[in-house]
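Visitor: Dropping a structure here in structure tokens format, bear with me for questions.
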Amino acid sequence: MIRELSKNEVSALHYELVMKDIIAAAEKLPPFPDVAWKLNAMIKQMAPVADMEKIIGMDQALAATILRLSRSAYYGRRFDVRSLKDAILLLGNKRLLQVVISACALRYFEKGGAALEERELWEHSIATAIISEIIARKLKKGRVLTLYTASLLHDIGKTILNVYARIYMQSNLRRMRSEGRCIQVERMALGIDHQELGGIVARNWKFPPEIIAAIAHHHDPESGPFWEIASVVYAADKLAVDPVKEKSQARENPFDPDSDMVFKNLGMTAKIVEEIKAEFAGHIVDVKKMLEE
Ligand SMILES: [Fe+2]
Ligand SMILES: [Fe+2]
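In our numbering, the protein residues as written are 18 to 310.
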């Protein structure tokens, strides 16, 4: 005999289907280009510039973005970059790799639909990546490329969740989040949160385990492996707030680094945080300009 499902069972079934739909979308994302890792290996082997140029030039669209970012105010302002060869020779290995990773990542943030939301998310991601680099330098942590990549992609799960929030909730994540803490709100509304989803994406992209962990635990870094890398991403994420929005946020919910356990465990005192913010403030105009170019 077929029994009628209870209201709770129908709702549980609905969430399970929504979640399956979202995970399937995450698994369908095109693979992350491996050009940055190949380039990194070539730099270590001191490969000829022509070979590096060939690897970057294989994907024409990617090469064009790499060239555009290489000329941007933040990455290449001191140089006259006219070709990929110029970018390889002038930017320096660290900046070159950051430009290549940023160009690869940008593809996943440039989607139709809610252009403003995707743009804000990209701006926040770039800010988080730059701040994590400043933190790594200040605290002498090293692993700059790992931190830069994990920070740049820490909210990649939001690019997918945003789409499903629109479909299933006729809402967007920003509006949903204003009603409560984002992780819980996302879980309640869609059955999965953006950090778990980001972890699934990073695993599918076959990223190294420390990058997967940092993306999958960036709101609760001490709950997973590689806590130190995840903690830097957590701290950079907290500090990557637009100064205008920060003023209104500070009124409602003042952030005190001295009472945050993750900041404490990293050794990030209020004084260090102020120094990091001041250094990042010096880059904000360049970053904004880069996003407009
Ligand atoms: Fe996040
Ligand atoms: Fe974030």
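The beta carbon of each residue, even a glycine, is placed where N, CA and C say it ideally should be.
Note that the coordinates shown come from a computational prediction; the quantities given were computed from them, not determined experimentally.
Do residue 231 and residue 141 have their C-beta atoms closer together than 8 Å?
Guide: no
Visitor: For the alpha helix (DSSP H) that contains residue 126, what are its first and last residues?
Guide: 110 to 126
Visitor: Would you identify the three-state DSSP class for residue 31, choosing helix, strand or coil?
Guide: helix
Visitor: Going by Cα to Cα distance, which pick from 157, 118 and 156 is closest to residue 169?
Guide: 118
Visitor: State the start and end residues of the unbroken alpha helix (DSSP H) segment that holds residue 166.
Guide: 161 to 169
Visitor: For residue 166, is the beta carbon positioned less than 7 Å from some heavy atom of ligand 2?
Guide: no
Visitor: Which residue spans inside the region 210 to 297 form an unbroken alpha helix (DSSP H) run of at least 4?
Guide: 211 to 221, 226 to 233, 244 to 256, 260 to 269 and 278 to 283
Visitor: If you draw a straight line from the alpha carbon of residue 68 to that of residue 52, how long is it in whole angstroms?
Guide: 12 Å
Visitor: Any residue with its C-beta under 5 Å from a non-hydrogen atom of ligand 2 counts. Can you list them all in chain order?
Guide: 172 and 254
Visitor: Hey, is the region 150 to 167 in contact with the region 280 to 289, meaning 3+ C-beta pairs nearer than 8 Å?
Guide: yes
Visitor: Hey, would you say residue 66 sits closer than 8 Å to residue 86, going by beta carbons?
Guide: no
Visitor: When you compare each of 227, 73, 273 and 253 to residue 244 by their alpha carbons, which one comes out closest?
Guide: 227
Visitor: What first and last residue would you give for the alpha helix (DSSP H) that runs through residue 74?
Guide: 66 to 74
Visitor: For the region 99 to 106 against the region 73 to 90, do three or more pairs of beta-carbon atoms, one drawn from each stretch, fall closer than 8 Å, so that the two count as touching?
Guide: Yes: at least three Cβ pairs fall under 8 Å.
Visitor: Does residue 154 come out as helix, strand or coil in the three-state DSSP assignment?
Guide: helix
Visitor: Less than 8 Å between the C-beta atoms of residue 36 and residue 229, yes or no?
Guide: No, these two residues do not count as a Cβ contact at 8 Å.
Visitor: Which word fits residue 302, buried or exposed, when buried means at least 16 other C-beta atoms lie within 10 angstroms of its C-beta?
Guide: exposed
Visitor: Start and end of the alpha helix (DSSP H) containing residue 101?
Guide: 101 to 107
Visitor: With hydrogens ignored, establish whether the beta-carbon of residue 234 is closer than 7 Å to any heavy atom of ligand 1.
Guide: no
Visitor: Considering Cα atoms alone, identify which of 27, 307 and 272 is closest to residue 290.
Guide: 272
Visitor: When every heavy atom of ligand 1 is checked, does at least one fall within less than 7 Å of the C-beta of residue 212?
Guide: Relative to ligand 1, the nearest heavy atom lies less than 7 Å away from the CB of residue 212.
Visitor: Would you call residue 298 buried or exposed, if buried means 16 or more other Cβ atoms sit within 10 Å of its Cβ?
Guide: exposed
Visitor: Which residue from 182, 122, 79 and 90 puts its Cα closest to that of residue 218?
Guide: 122
Visitor: Among residues of its own chain, excluding the 5 on either side of residue 220, which ones have a beta-carbon nearer than 8 Å to its beta-carbon?
Guide: 229
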